[in-house]
Every structure is written in structure tokens, then in C-alpha cells.
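Mapped onto our numbering, the consecutive letters of the sequence shown carry residue numbers 30 to 393. From the three backbone atoms N, C-alpha and C, an ideal C-beta is built for every residue, glycine too.
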Amino acid sequence: MNEKILKYLIYIFGAISLYAFIAVRFEPLFNGVLKEDVVEGYWDKTKYGELYYFNMIRHFREEGLPPAERKFEHSEKQASVDECEILVFGDSFFEFSRHKQFPEKLADDFSRKVHYVNNDFPLEYLAENGYQDTTPKLVLFERVERYIPVAFEEQHNRTDRQVEEVTNAFQPIKYAKDKLFYDSSEELYDAMLKRSYLSTGLYSFFVTLKFDLYGNMSGMTPAYLKDGSNSWLFYHDQVNETRTSFYYQFTDAQMDSICDHMADLAGKLLEEYNMHLLFLPLPAKYTMYHDLINNDPYNEFLPRLYKGLDQRGVKYINVFDDFQESDTLLYYKTDSHWNQKGIDIAYKETLRFINSDSTLNTFL
30 MNEKILKYLI YIFGAISLYA FIAVRFEPLF NGVLKEDVVE GYWDKTKYGE
80 LYYFNMIRHF REEGLPPAER KFEHSEKQAS VDECEILVFG DSFFEFSRHK
130 QFPEKLADDF SRKVHYVNND FPLEYLAENG YQDTTPKLVL FERVERYIPV
180 AFEEQHNRTD RQVEEVTNAF QPIKYAKDKL FYDSSEELYD AMLKRSYLST
230 GLYSFFVTLK FDLYGNMSGM TPAYLKDGSN SWLFYHDQVN ETRTSFYYQF
280 TDAQMDSICD HMADLAGKLL EEYNMHLLFL PLPAKYTMYH DLINNDPYNE
330 FLPRLYKGLD QRGVKYINVF DDFQESDTLL YYKTDSHWNQ KGIDIAYKET
380 LRFINSDSTL NTFL
């Protein structure tokens, strides 16, 4: 290769590398080279299913997904934790903004002040926010089933989390350190490779070719169905060997521990804050649709959880049976989350439960 050409190529690749190093630390520069912007706090602002972006294999692009809207927690409708009448804790299902979010529906349909937060630890959250009110309130706690064993691995307590204090004198130093050693840089480099104008077409072409020739699939989406417009992707934590998995065999002692911790949390919220807790455990996507690719037996996590909560007098909403009986799709094929039909069934069942309970129906 001509020495002059080689020199120019080194300059070009050096400039690209320098730009990438700076861009992942400054959002305008980062999004300036992306075909689809990455918006902080809006992981669902993507054109195709969220799981597609883990592999970028063209067969798994899910077309026609509704665009993500402004999230309820970032809107003027979000009440403060002190003034709210209904306090909602949820995971990405309640935060999913391709449809009107569950907390926002409660706020709009019943003209109630609702505070929503994606948080696993209500007692810590209330303590961190200096909450001291004892006015009766409803607490709705949603968790998809695969994360319930994680959220309730241990007993919940009101211990404040340690917050790092930085004096004003060291603020500039901390800012410079955080920018130089940016925690999310690897994730953003990956996004830039997959979604930039320069590389996304080539990247998608080669990973699709590898899949077609050798069956290579991302470890993030190891379970899948390739069937034209009926192609499906499933997230790795639902098919691995950990507690989040469809296949994990919980012992009776483990189930008792989870249910005990859920009951303990309900008791503490009522005793310390006069808050009435209602759980909404949601089925995982693989639980509902694994039969598209196999006939593997379910570990029966949700039915066993329901039985344990019944024995402890803990209030919960059973949507598993309604989801199983539905003859329409309730989840997106290449996204982890529910669609409008899934939200509607869960919302309807939640209202039915609350209205039938003499303690809870006063909150709507």
C-alpha cells in the first residue's frame, strides 16, 4: 500500500476514534451521527422492537410499533410523593411509553394525584424523600415475574442508602473524572457502532449474513423464532439458569422466603405509613409464548406465588389466568414488553380488584 495513502487512512481512523471518544460523553455530538437518537431515560424511543437492537439481524425488525411518547413521570401530571393519593412502584412495564402508561391512566380516569417511580425498594425510597405523612394511601407495586425473586431476595427495611457527598471545591474535579472515565461509554460505543449513519447498514448486513450462514445469534437474545413477519425474540434472562429464568426450579423454602418478604413489606408500609399495598405480578413474555419454540414445562412461579400470598393474606392481582385465556397477542414479538391489549387486561383486572375490596375502593 502506498505510504501516503496509509498515512491518510491512519489520520481518518484517528479522527473517527477521537470523535467517538468525545461524542459518547456529549449527547449532541453522539446523536449527531446516529440514524435514531438515543434519549436518556427513553430506552423505548426506538423504531423497531427493543430486543432487535441487541442483535440487529434484519429478520427480527418488528415494523409498525407505536412511537414512544413523553413518560408520565416527566409530565406535569406526576404528583410529588408527599401530595399523591396513589403511589405506584413499577418496572419497565409501567414505564413503557409506546402506549398510555398505567399510572397515567389511573391519574386521568379517576382524577387522582399519582406518583410513579421505577424502584424496587419502597421503604428506602420513602426514607430518602423524608416522607412522614400518615394519610391513608394506596401503593400499587408492579413487577414482572422474572424480577420478583430479585426484588424480594431479602427483607425490605427503611435503611437509607449511602449517598456520596462532594464538596463544592471538588465538583469540577469530579465532573472531569466522570467525563473522562464515563461509566456508560462501552454501552454507547456499542450503540454508535450499531446505529450510526456510517456503520449501521454494514453492521446489520454482516450479522444477518452470519446468522443465515452459521446461525450466530446474540447472547442477549438466545431464544428466538425466525418465521417471516411472525419472528420472535426472547431476552436472555428468561432462558438462563438464574432465578430470573422460566426454567429455574424454586424450592418451597425459596418461595416461602419471597412470599414472607412481600408480606413483611406490606405490613411495614401499613404500620409505618398507613399505606395499603397491592401487588401486581406480571407474567414474563417467555412464560406466555415459549410454546412458539418448544413445549418445555413452566416452573409454575406465578401460581406458587399466588398460593403463598393467599396464605399470608397479602393482596395481589392475578392477571396470569386472563393472559393465558386471551386469544390475541399481549406482547410485542421483538420487544420484552406488553402491547395495548396486555395493558388493557391488566388495567381492567386491577380496577375490578380495587372496586371489590372495601379497604381499597375508597382510593378510586
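Three-way DSSP call (helix, strand, coil) for Met304 in this model:
In the three-state scheme derived from DSSP, where H, G and I count as helix and E and B as strand, Met304 is classed as strand.
Work out the CA separation of Glu91 and Thr316 for me, nearest whole Å.
20 Å
Close-in-space but distant-in-sequence residues of the same chain around Phe95 (CB under 7 Å, 5 per side omitted)
The displayed chain sequence assigns Pro, not Phe, to residue 95. So the qualifying residues of the chain are Arg127, His128.
When burial is assigned at 16 or more other CB atoms within 10 Å of the CB, is Met249 buried or exposed?
exposed
Neighbourhood of Tyr345 by C-beta distance below 6 Å, restricted to the same chain and skipping five residues each side:
Phe308, Leu338
Member of Phe55, Leu334, Ala313 whose CA lies at the smallest distance from the CA of Asn279:
Checking the sequence shown, residue 279 turns out to be Phe, not Asn. The shortest Cα separation from Phe279 among Phe55, Leu334, Ala313 belongs to Leu334.
Through-space distance from Arg54 to Asp293, alpha-carbon basis:
43 Å
Among Ile115, Leu380, Thr379, Tyr360, which residue has its Cα nearest to the Cα of Glu79?
Per the Cα distances, Tyr360.
Quick check on DSSP: helix, strand or coil for Tyr360?
strand
Please report the distance separating the alpha-carbon of Leu169 from that of Phe118.
6 Å
Just confirm the distance between the C-beta atoms of Arg272 and Pro332, as a whole number of angstroms; I'd bet it's less than 8 Å.
Between Pro332 and Arg272 the Cβ distance is about 17 Å, and since that is not below 8 Å, they are no contact.
Can you list the beta strand (DSSP E) stretches of 3 or more residues lying completely in the segment 108-182, in chain order?
Listed in chain order, the complete beta strand (DSSP E) runs (minimum 3 residues) inside the segment 108-182 are 115-118, 143-146, 166-173.
Can you have a look at Glu133 and say buried or exposed, based on whether 16 or more other CB atoms are within 10 angstroms of its CB?
Glu133 is buried by the Cβ-count criterion.
I'd like the list of long-range same chain contacts for Thr379, defined as Cβ closer than 7 Å, with 5 residues on each side in sequence excluded.
Leu309, Ile346
I want to know whether the segment 243-259 touches the segment 312-328 - three or more CB-CB distances under 8 Å.
yes
Kindly list the residues whose CB is nearer than 6 Å to the CB of Phe210, restricted to its own chain and excluding five residues on each side of it in sequence; keep chain order.
Because Phe210 sits at a pLDDT of 46, beneath the cut-off of 50, its placement in the model cannot be relied upon, and the point is left open.
Suppose contacts are defined by Cβ-Cβ distances below 8 Å. Is Leu262 in contact with Thr363 by that definition?
yes
Going by C-alpha to C-alpha distance, which of Asn148, Arg175, Tyr37, Ile51 sits closest to Phe330?
Residue Arg175 is the option with its Cα nearest to Phe330.
Using the three-state DSSP reduction, which class does Lys377 fall into: helix, strand or coil?
helix
Identify, in the order they occur along the chain, each residue of the same chain with its Cβ nearer than 8 Å to the Cβ of Leu389, setting aside the five sequence neighbours on each side.
Leu167, His305, Leu307, Lys344, Phe382, Ile383
State buried or exposed for Gly371, treating a residue as buried only when at least 16 other CB atoms are found within 10 Å of its CB.
So Gly371 ends up on the buried side.
Can you give me the Cβ contacts of Ser214 inside the same chain, cut-off strictly under 8 Å, excluding the 5 residues immediately before and after it?
Val53, Arg54
Do you know how far the Cα of Gly70 is from the Cα of Asp386?
35 Å
Identity of the residue in Thr357, Asn158, Ser260, Asn269 nearest Tyr77 by Cα
Ser260
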